[in-house]
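In the UniProt record's numbering, the protein residues as written are 1 to 1137.
What follows is one structure encoded as structure tokens, with my remarks underneath.
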């Protein structure tokens, strides 16, 4: 395979004599290279790279160095002046509708030609003639003397460069060199009519666009019904789509599909098979043996160095899966779509065609699935031809402004203006670059004059600290001629290294409502003091004399659920779950209901909570606080000794909790067979109950919960419990330490009864309202990934059966027993076992009425599931409560009309024809039954199927946003903790090895990270493929021979934290001349107590094998100068010589 190259362009003025001499040499080279003509300008999405016109008086040198070898070679490519300027050629991209010819960009000014010369890149493309991926994602920065260097890393560059000059027509056009382009970079999006026609015929597919966080040039699209995600490789193929867009893609022919990463057989690595650890020149190859374009490979390597690396999850593909939890939520954006900046109505993309056209689409999907099955080692590729629904994230992209770049440009322009007195000022047309903190989003250009006045004033005053301000921007447009979208800054949060601005930015980018509840919303609540109305005592079952109590975290204020238990005759146990009746207060279509639906869920941020409902309701009137009468929805089950439900009852009740127990209180009761309970403090007891009775009740509940758990797991449920990081905060809310926490029996106790309640509610509403029940489904995991994990376990002597959720669970338990002496390794296995799991999501039963088998929940192994038990913090639970109320109301109407049928035992059916164990289908389908259900649904505000589908989609999106907030807050506080400690020493396990980097798991923080060791000065990496062994050796005077490209010539301290053997508290490094020198001067007193806890540094040469334990040093990265991240280096000890 041809060796891929990294190019760096140097532009400098030369005199006429030099030009004549070197022109002759270039001419000779061109005749040998047989380079194709580049005189025609066409879209980079078609055949050949776009060609730009040149300024005068410049030459360009292309410095080319092999990515796979340390030696470098130099090559000069032709750059000649041209005064011609013509319209860009229309794209000939394949599709139902060809792009029409459009006018070329406006003629560039003299300033552009003098300041920003363009160039011809005489290079044949490497992907079958289709020149994708040829535009970079950054400008060439300047060193202030007019020379321009290639740069594709998305981080802010320290020596900014020219940003181009615009006309009054808007955003300037830049080609891959960062200079004014004279042709289209992207193909035109298809028209609405063409998209609909293609979707109907199966020529194109609609999919969710997901970007690889490690490499933004890689994106993946999940097509419903297709087992493998489609790779959208390179900027040109992505065609201006951004993370979260709903796009229309055209799948490439089979001959262009790539080789599936990790498809050569079982891997030694525990890291995902897609996460290939190979030298850059051995990247993912297409079927005909040709690879990515060189500029895209260069960008990928730079992106690896600069991008924010998330701590969890698969990063390379299949973004329908989760990295850290079994039930990641589904994204279903509800914004408007656009094609060519047009905002069509929803009907524009209805995609409703004739039955023949629908059959064609189904046939095309089947053929695609058949091809994937026939060629399992290949991954389908494609390109974006339209964007039908814009991601909500387009409106809230957080990042930093590259102020230094703008300042250097202005200084350079002033010098140029002095030489050319006739030039006009262009200060009103300056653009400044914005680098997002999320690496999945592209850099953006912001018109300086559109910046907020506060920032503009600071820029005018020369305040470079503006670069430290965290801001949010909205993408306004993205033209076909520009590699960057145009945006405007909408919010300023504050310094990026401070906690509060970061928290506000997290909330903003996830569209979390932080405002106070409006007076109209609060007016829906009753005035306080409030008491349960007398009519509610008449219409509900009075349970105030029952021993009922809540079990929650000690700081909880929204008490949703309570428990009770009593022993009946014949060994029958009656367990009760009592849920706050929020639907009594939140009436359908009232202002409070609308606000709750918009918020959809409460958002928890460790030190702060944003409630879905006003605190008056969630923490007082609706909360099941002890000692006061409260409205509830209750479910009772009569259970035998095996945990089987022999009878049940559900209805509205009035309860009075006798106490608020914490999980710690309950755990004390479970752990202590005799002696003193409540080592964590004794709560207040109400309703004349004795503590001995409460304690006995807790023990009975624990015993029943164990029985239910055993029965559930024997029935095929899957349980994946892994340790989670819990932070310890000081009085100022700043974390000072972290601990790993595991789920305790007290939490499992509550969980079992909540699962039973949710399953019961789902069964009742889905039978009574089969077309309008709000349910929750969890599809089967990604089977290919699951099989890869199974193969890995087998290779390491661990038997894993993934044929069903139940067998999966019990085989994991056997592995737990086998690894009982290595709990850290088992935690790692559990972490990776969660990764193939797909998203759990809400759905309207009517949407899947013809596919009832898809209603089930894989992990719980139940055919029906919903959310019923947390109505004070989840809107779907309120909808389920209303539906249950309608079912109960319909039962009463049926009894009144005397249409009860005989049961299968020949006796008259009870009034619980819809809510009992035996569902009376005949009654439900009778005319009287259907009328009763319809009238009850109308009375209680049960949404129709169409509206319910929209509610489900919105709740999915909001639930996922709340999870993103929680994960981001966890990462923020982890960063703050490391920032405070400066260096945190820890052991890490090696999950994956290769010639470029190792993947490690840091158990102390329960995160995964990478350590790159390729092209490190002073470090030699020897990769032994046969034994999958890495040997790292230290050479104090070794320096890389690489001359160009970001990510090379990296210092040793990028990969290792070196300390002196005689003083492990002092860091060592190499200075510029290779001498030994202290870099940080940290003493042992300044370090984390890791030195005292047995974390010893390793020594060179270091031999590393898979699953080995190695010492690492962690530190905080970013803050005021970029995205937050956790840096990790080898913790090494060495003498410098």
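Don't be surprised by glycine CBs; every beta carbon is placed ideally from N, CA and C.
8 Å CB neighbourhood of residue i in its chain, flanking five on each side removed
| i | result |
| --- | --- |
| residue 978 | 984, 1114, 1115, 1116 and 1126 |
| residue 667 | 744, 745 and 746 |
| residue 601 | 612, 873, 874, 875, 955, 958, 959 and 962 |
| residue 500 | 494 |
Nearest-angstrom beta carbon gap, residue j and residue i [assumed within contact, 8 Å]
| i | j | result |
| --- | --- | --- |
| residue 1110 | residue 1104 | 6 Å |
| residue 472 | residue 396 | 6 Å |
| residue 753 | residue 613 | Contact doesn't hold; Cβ gap of about 23 Å is too wide. |
| residue 489 | residue 394 | Wrong, their Cβ atoms sit about 14 Å apart, outside the cutoff. |
| residue 492 | residue 469 | 6 Å |
| residue 888 | residue 915 | 6 Å |
| residue 384 | residue 195 | Wrong, their Cβ atoms sit about 11 Å apart, outside the cutoff. |
| residue 827 | residue 723 | 6 Å |
Contact set for residue i: own chain, Cβ-Cβ below 6 Å, skip 5 residues either direction
| i | result |
| --- | --- |
| residue 607 | 733 |
| residue 968 | 506 |
| residue 1121 | none |
| residue 815 | 798 |
| residue 1132 | 1056, 1058, 1097 and 1098 |
| residue 561 | 579 and 869 |
| residue 811 | 800 and 801 |
Burial state of residue i (16 or more Cβ within 10 Å)
| i | result |
| --- | --- |
| residue 975 | buried |
| residue 682 | exposed |
| residue 867 | buried |
| residue 783 | exposed |
| residue 528 | exposed |
| residue 739 | exposed |
| residue 813 | exposed |
| residue 646 | exposed |
| residue 257 | buried |
| residue 219 | buried |
| residue 1034 | buried |
| residue 842 | buried |
| residue 249 | buried |
| residue 439 | buried |
| residue 642 | exposed |
| residue 1129 | buried |
Beta-bridge partners of residue i, as assigned by DSSP
| i | result |
| --- | --- |
| residue 1113 | 985 and 1129 |
| residue 667 | The partner list for residue 667 (beta bridge, DSSP) is empty, contrary to what the question assumes. |
| residue 1057 | 1131 |
| residue 1139 | The chain is shown only over 1 to 1137; residue 1139 falls outside these bounds and no answer can be derived. |
| residue 565 | 575 |
| residue 978 | Beta-bridge pairing links residue 978 to no other residue. |
| residue 1098 | 1132 |
| residue 401 | 434 |
| residue 843 | 775 |
| residue 1012 | 997 |
| residue 1104 | 1030 |
| residue 551 | 661 |
| residue 233 | 218 |
Neighbourhood of residue i by C-beta, 7 Å cutoff - its chain only, sequence neighbours within 5 removed
| i | result |
| --- | --- |
| residue 763 | 864 |
| residue 761 | 866, 868, 880 and 884 |
| residue 512 | 603, 610, 961 and 965 |
| residue 553 | 662 and 663 |
| residue 544 | 629, 654, 655 and 656 |
| residue 891 | 911, 912, 913, 914 and 915 |
Practice task
Could you tell me which uninterrupted alpha helix (DSSP H) segments, each at least 4 residues in length, are contained entirely in the stretch 503-533, listed from first to last along the chain?
Solution key: 519-522
Problem - Segments of 3+ residues assigned as beta strand (DSSP E) that fall wholly inside the stretch 755-806 - result: 774-777
Exercise for the section: Please list the segments of the beta strand (DSSP E) lying wholly inside the stretch 669-731, counting only runs of 3 or more residues, in order along the chain. Expected result: 724-729
Exercise for the section: Within the stretch 590-645, note down every full alpha helix (DSSP H) run reaching 4 residues or more, in order along the chain. Expected result: 591-599
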